[in-house]
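Protein chains: 2
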Amino acid sequence: MLFMSTDRYAARRDNLLHRLAKDGPGDLLVTNPTNVRYLTGFSGDDSFLLLGRSGTILISDARFTTQIAEECPGLETHIRPPGTFMHEATAEVLKQARPAAVAFESNHLTHHGWTQIAEASKAIEFVPKAGLVEESRQIKDAGEVAEIREAVRQAERGVAAMRAGLTGEMTELQAAAELEYAMRKFGGRKPSFDPIVAVGARAALPHARPGEARISEGELVLVDWGSTNAGGYRSDLTRVWGTARISAELEKVHGVVLAAQRRAIAEIRPGIDCREVDAVARKEIERAGYGEQFGHGLGHGIGLDVHEGPRLGPSSKDVLKAGMVVTVEPGVYLPG
Amino acid sequence: MLFMSTDRYAARRDNLLHRLAKDGPGDLLVTNPTNVRYLTGFSGDDSFLLLGRSGTILISDARFTTQIAEECPGLETHIRPPGTFMHEATAEVLKQARPAAVAFESNHLTHHGWTQIAEASKAIEFVPKAGLVEESRQIKDAGEVAEIREAVRQAERGVAAMRAGLTGEMTELQAAAELEYAMRKFGGRKPSFDPIVAVGARAALPHARPGEARISEGELVLVDWGSTNAGGYRSDLTRVWGTARISAELEKVHGVVLAAQRRAIAEIRPGIDCREVDAVARKEIERAGYGEQFGHGLGHGIGLDVHEGPRLGPSSKDVLKAGMVVTVEPGVYLPG
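Protein sequences appear in the order of chains A and B. Count the first sequence with the numbering used here and you get residues 243 to 578, in order. Count the second sequence with the numbering used here and you get residues 243 to 578, in order.
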């Protein structure tokens with residue numbers, strides 16, 4: 243596990259408060275557990291963070307007292323007593339902090355959760371804000387980049403171990419089990435998403451789930467997988483392996499996809515529009531006559547979530563900045 | 243995998259429509275993917291179900307076309323074109339169905355999602371409804387009970403295999419990895435939640451996460467784990483094993499907890515208040531002088547989610563009915 247100083251979390255909170263002060267209420271109720279983790283280091287769930295001019299306070303319950311003390315020494319906490327609901331505890335904390343208005347994460351809090359909290363704190367105005375912390379999370383610092391690299395390494399070592407033990411008799415499900423097990427041996431805490439192992443025609447589906455097909459049943463195996471490291475950072479990789487003699491067309495398509503990926507990666511730099519990076523890869527694939535078979539965006543940001551901003555796609559309005567980490571995953575899906 | 247006829251899903255939808263007609267608008271927009279699965283058999287995500295007098299329609303995208311055809315033959319679908327957002331596709335479908343009002347799952351849809359959908363369909367009234375499908379899901383049919391039994395069996399066989407290979411040198415994390423791997427060998431698709439393996443003093447935390455502690459470092463190991471079967475049904479079990487000579491007090495506590503569990507199970511029958519079942523176990527533990535050390539509810543419903551209704555606890559208002567499946571998990575947590 244990499245060391246993350248508590249100062250780093252305080253700096254993230256300061257940065258966010260600075261952005262909040264310029265734009266809307268000065269206080270923010272963070273309900274998304276991934277955002278709570280990003281801002282405090284606390285890796286549990288069922289806990290909210292109130293962040294504001296009058297201070298920072300984590301609203302949690304007694305199950306997490308020990309973990310909070312270990313993961314966020316010095317952070318002020320409000321431990322709700324048994325029998326008290328979260329919205330009641332939040333109202334209690336807001337009564338102490340007394341902001342006139344508080345922003346909330348409208349892309350995470352449910353309609354029901356919002357109604358409950360707003361009704362328990364009628365004197366306060368609740369202002370919907372979508373994606374504020376997620377926007378900060380797009381820019382990674384050196385420690386975060388190292389964590390993502392670690393998650394990539396776990397995934398790469400895991401898949402190499404799985405591949406080394408692969409036989410034609412194994413099913414997609416068995417191969418997926420071997421992959422998950424191997425990633426854990428190399429320090430992964432869990433897959434970053436349910437891994438895809440797809441044989442033959444199923445490899446042409448952008449979203450296949452492993453089943454009982456045997457590795458030897460097709461000429462290709464597709465693996466789409468990733469690892470989550472101890473710090474919660476994720477990786478997302480794809481490989482296609484030939485398990486028989488590959489047809490000339492498949493070999494050609496492989497070259498086209500590889501060229502598209504290399505060109506896109508060469509284009510990546512601070513200041514470039516994400517849709518331009520997508521366009522470079524897309525043009526390469528279109529020129530080869532496979533434009534129709536590349537039906538999704540080129541890639542996406544990655545970090546504590548496997549899919550986060552920015553988005554590399556034809557309609558993306560994002561601009562790349564220093565510190566962003568993105569996947570570059572062009573594909574040509576030939577039916578069958 | 244157990245066979246579930248498509249008629250079963252149609253019957254669930256009819257049942258829900260019947261309940262809807264009595265109480266509120268006749269149409270319901272289902273956004274929670276677990277509820278979509280319960281009502282259609284579709285196991286993917288990013289898809290909404292509109293259920294109403296004018297018919298049933300699944301709103302999804304092209305990634306899932308093959309999977310929907312396999313899992314829900316005959317179900318009407320609206321596949322949103324690339325570049326169309328979910329709320330736009332939902333508005334499109336609502337424009338065809340033309341209900342005056344539609345209920346939505348306010349305990350799942352985010353404030354932001356609700357705003358987007360409501361703004362794209364201004365002529366329609368959106369009525370918040372929390373937990374409507376979840377209420378139906380509390381009562382399991384024979385097929386669902388069989389699926390849960392299968393998930394229990396996968397968990398039991400997995401933990402037996404892990405235990406058979408356990409050594410004092412293994413860490414909590416290694417034991418958790420062996421457990422997950424073994425459950426997959428017995429047909430499990432993934433853990434039903436991140437398994438807890440906790441040694442010594444950490445076994446006294448209701449929410450420990452596996453770490454680098456070695457099995458031999460304490461006199462006890464606690465394992466709290468479960469499996470998810472191919473149908474998505476889950477199990478949730480806990481075991482405490484002695485790894486050294488157990489103290490007389492621990493042996494006594496074990497007897498108290500076992501007696502509390504047995505008494506509670508004996509009490510379970512259709513018509514009984516859930517808080518009464520909890521009270522029977524709680525009284526047993528209080529009589530032995532450990533009431534303070536049993537700080538959580540007695541149990542919970544289980545099915546497609548690892549935690550669902552009804553709730554067995556001191557403040558529960560639920561009543562047990564035939565077909566409900568609940569965990570019974572009293573505990574005494576002695577600090578250290």
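Note that beta-carbon positions come from the ideal geometry of N, C-alpha and C, so glycine has one too.
With a threshold of 7 Å between beta carbons, P370(A) makes contact with chain B. Of the other Cβ atoms in all chains shown, fewer than 16 fall within 10 Å of the Cβ of T480(A); this residue is therefore exposed. Contacts between Q396(B) and chain A, judged by CB atoms closer than 7 Å, are missing: the closest CB pair is about 12 Å apart.
A direct Cα-to-Cα measurement between A490(B) and V574(B) gives close to 15 Å.
For R487(A), the closest of E461(A), S469(A), P512(A) and A472(A) by C-alpha to C-alpha distance is E461(A). Y251(B) does not reach chain A, its nearest Cβ partner there being about 19 Å away, counting only Cβ pairs nearer than 8 Å. Between the stretch 468-479 of chain B and the stretch 377-394 of chain B there are three or more inter-stretch CB-CB distances shorter than 8 Å, so the stretches are counted as touching. Contact annotation for T282(A) against chain B: no contact, minimum CB-CB distance about 16 Å [criterion: below 7 Å].
T413(B) has a beta carbon lying at 7 Å or more from every beta carbon in chain A. Per DSSP, G283(A) lies in no alpha helix (DSSP H) and is assigned neither H nor E. Straight across, the Cα-Cα distance linking F284(B) with G373(B) is about 20 Å. The C-alpha of K432(A) lies about 29 Å from the C-alpha of L292(A). Contact of A362(B) with chain A is not assigned, every C-beta pair being separated by 7 Å or more. Annotation for K371(A): the continuous beta strand (DSSP E) segment containing it runs E367 to K371.
When Cβ pairs closer than 8 Å are counted between the two stretches, the stretch 449-461 of chain B is seen to touch the stretch 405-415 of chain B, the count reaching three or more.
Within the stretch 434-490 of chain A, the beta strand (DSSP E) runs of at least 3 residues that lie entirely inside it are, in chain order, 438-441, 462-467 and 479-484. Think of a sphere of 9 Å around the beta carbon of D436(A): the chain B residues whose beta carbon falls inside it are R431 and K432, in chain order. Residues of chain B whose Cβ lies closer than 7 Å to the Cβ of T308(A) are, in chain order, L447. It is roughly 22 Å from the alpha-carbon of I514(A) to the alpha-carbon of V499(A). Beta-carbon to beta-carbon, L300(A) and S289(A) are separated by about 6 Å, close enough to satisfy the 8 Å threshold. When DSSP states are grouped into helix, strand and coil, G531(A) belongs to the coil group. At a cut-off of 7 Å between beta-carbon atoms, A523(B) makes no contact with chain A. Contact annotation: in the stretch 539-570 of chain A, residues whose CB is within less than 7 Å of a CB in chain B are S557. Under the 10 Å beta carbon count, N257(A) is surrounded by fewer than 16 other beta carbons and is classified as exposed. Of all residues in the stretch 345-360 of chain A, only F346, E347, S348, N349, H350, L351, T352, H353, H354, G355, W356 and T357 come within less than 9 Å of chain B when Cβ atoms are compared, listed by chain position.
F306(A) and D287(A) have their C-alpha atoms spaced approximately 9 Å apart. For Y423(B), the nearest CB of chain A lies under 7 Å from its own CB, placing it at the interface with that chain. Per DSSP, reduced to three states, the secondary structure at S378(A) is helical.
It is roughly 10 Å from the alpha-carbon of A403(A) to the alpha-carbon of Y423(A). Below the 7 Å Cβ cutoff, chain A contributes G537 as neighbours of P324(B), in chain order.
Checking the DSSP bridge columns, you'll see K432(A) partnered with T470(A). Between P556(B) and T298(A), the alpha-carbon positions lie close to 33 Å from each other. Rounded to whole angstroms, L554(A) and I381(B) show a C-alpha spacing of 45 Å. For I321(B), the enclosing beta strand (DSSP E) has its first and last residue at T319 to R322.
The shortest C-alpha to C-alpha distance from W467(A) to any of C516(A), Q396(A), Q503(A) and A342(A) is the one to Q396(A). Using a Cβ distance threshold of 7 Å, I321(A) and A342(A) do not count as a contacting pair.
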